[in-house]
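**Student:** Residue numbers (my numbering): 1 to 115. For glycine and all other residues, C-beta sits at the position ideal for the given N, C-alpha and C. In this text, all values refer to a predicted model and were calculated from it rather than measured experimentally. There's a structure below that I have some questions on.
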């Protein structure tokens with residue numbers, strides 16, 4: 001076991017590290033849940049709520065069949081450690097939810113389809 005001093009953001013920490021035997025195992029980052037955006041065309045008269053920013057879907061505030069008003073919060077996306085409320089783009093009934101909680105989304109990805 002070896003002791004090292006590490007400075008992080010101006011604060012000094014003392015850490016102990018243990019030597020381990022070399023192995024052939026690899027360590028990889030956990031896979032992100034892919035965005036499950038629907039590629040199906042949107043029917044005439046339908047309105048699409050799109051992601052205004054890339055981030056991670058924290059919650060979906062509506063269910064299929066719910067009636068929503070323009071401006072009502074329908075989802076929350078975390079981007080750069082901030083929670084962003086996503087409002088409905090029009091009045092309507094939720095026809096389809098195109099993403100799931102935990103999914104990574106890009107700018108302009110379809111989140112919810114209103115009819």
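When you compare only the Cα positions, how much space is there between residue 71 and residue 89?
**Tutor:** If you number the chain shown from 1, residue 71 lands on position 71. If you number the chain shown from 1, residue 89 lands on position 89. Going by the C-alpha atoms only, they are around 6 Å apart.
**Student:** Among 49, 99, 65, which has the Cα closest to the Cα of residue 73?
**Tutor:** If you number the chain shown from 1, residue 73 lands on position 73. Comparing Cα-Cα distances from residue 73 to each of 49, 99, 65, the minimum goes to 49.
**Student:** Take the Cβ of residue 94 as the centre, count every other Cβ of all protein chains shown within 10 Å, and call the residue buried at 16 or more, exposed below.
**Tutor:** What you label residue 94 is simply residue 94 of the chain shown in a count that begins at 1. Buried is the call here.
**Student:** Alpha carbon to alpha carbon, how far is residue 77 from residue 104?
**Tutor:** Taking the chain shown and counting its residues from 1, one reaches residue 77 at position 77. Taking the chain shown and counting its residues from 1, one reaches residue 104 at position 104. CA-to-CA, the gap between residue 77 and residue 104 works out to about 9 Å.
**Student:** Whole angstroms is fine: what's the gap from residue 15's alpha carbon to residue 58's?
**Tutor:** As a first step, residue 15 must be located in the chain shown, where it is residue number 15. As a first step, residue 58 must be located in the chain shown, where it is residue number 58. Using only the alpha carbons, I get a separation of about 35 Å.
**Student:** Mind checking who residue 104 pairs with in its DSSP beta bridge?
**Tutor:** For the purposes of this step, residue 104 is identified with residue 104 of the chain shown, where counting begins at 1. DSSP output for residue 104 lists 56 as bridge partner(s).
**Student:** What does DSSP give as the partner residue(s) for residue 7 in the beta ladder?
**Tutor:** Translated into the one-based positions of the chain shown, residue 7 becomes position 7. DSSP lists 12 as partners of residue 7.
**Student:** Let me know the secondary structure DSSP gives residue 49 once reduced to three states.
**Tutor:** Locating residue 49 in the chain shown gives position 49, counting from the first residue. Looking at residue 49 - three-state DSSP - the assignment turns out to be strand.
**Student:** From the DSSP output, in three-state form, read off residue 70 for me.
**Tutor:** What you label residue 70 is simply residue 70 of the chain shown in a count that begins at 1. Coil.
**Student:** Using alpha carbons as the reference points, say which of 109, 65, 64 lies closest to residue 86.
**Tutor:** Within the chain shown, residue 86 is the residue found at index 86, counting from 1. The option with the nearest alpha carbon to residue 86 is 109.
**Student:** Could you compute how far the alpha carbon of residue 115 sits from the alpha carbon of residue 98?
**Tutor:** Position 115 of the chain shown, counting from 1, holds the residue named residue 115. Position 98 of the chain shown, counting from 1, holds the residue named residue 98. Spanning the two alpha carbons is a distance of roughly 14 Å.
**Student:** Using the beta-carbon count (16 or more within 10 Å), is residue 75 buried or exposed?
**Tutor:** In the chain shown, the residue the question calls residue 75 occupies position 75. So residue 75 ends up on the buried side.
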